[in-house]
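A quick write-up on the structure given underneath.
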Amino acid sequence: MVFTMDNNEVVDGAVSEVSEYGAFVRIGPMEALLHKSQILDEPIQVNVGVKRIEGSQSGKNLGEGSFVRSRIVSKSINHNDPRSSKIGLNCKMDGLGSFEWIRGEE
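FYI, the numbering for the sequence shown is 237 to 342, going by the numbering used here.
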C-alpha cells in the first residue's frame, strides 16, 4: 500500500502539536504544518502553554486532538527520509478548518 498526496488535495487529519508557528497535523503517516497565517482570515492568538490557537474575533479555536480538513498548498517529499519531508496546509477556504467550524457553517 502506498500513501501519496498532491498539491491542492483536501485532506483530513488531527492536530498533533501546537507550536508558536501554528499547528502540526497528522495526515496519514506524515506530519504537516498548518502555519498560523493559514488558519483563519483574522488575527489569531497562539497559546503554547495550553496548546490552543484561537481567533481573536470569532473565538474559533484549535487544540491538540482537534480534527481539521485542510488543503495541501506545498510539499517537499524526501523519499529516502520521509520524516524530513515538509508539507504545508491551508484552512482559509470555505469548507475547511476544524470539523466543529464546518458543522457550524452547515
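Cβ coordinates follow ideal geometry from the N, Cα and C atoms, glycine included.
Pairwise C-beta distances place the stretch 279–289 in contact with the stretch 255–263, as three or more of them are shorter than 8 Å. The DSSP-derived three-state label of residue 253 is strand.
When only Cα atoms are considered, residue 339 and residue 322 end up about 29 Å apart.
Rounded to whole angstroms, residue 292 and residue 280 show a C-alpha spacing of 5 Å. A direct Cα-to-Cα measurement between residue 265 and residue 294 gives close to 32 Å.
Note on the stretch 255–336: whole beta strand (DSSP E) runs with a minimum of 3 residues are 258–263, 266–271, 280–283, 288–291, 297–299, 303–312, 322–326, in chain order.
Comparing alpha-carbon positions, the option among 267, 268, 269, 290 lying closest to residue 277 turns out to be 290. Here residue 275 is buried: its Cβ has 16 or more other Cβ atoms, across all protein chains shown, within 10 Å.
For the 8 Å CB-CB criterion, residue 304 and residue 333 form a contact.
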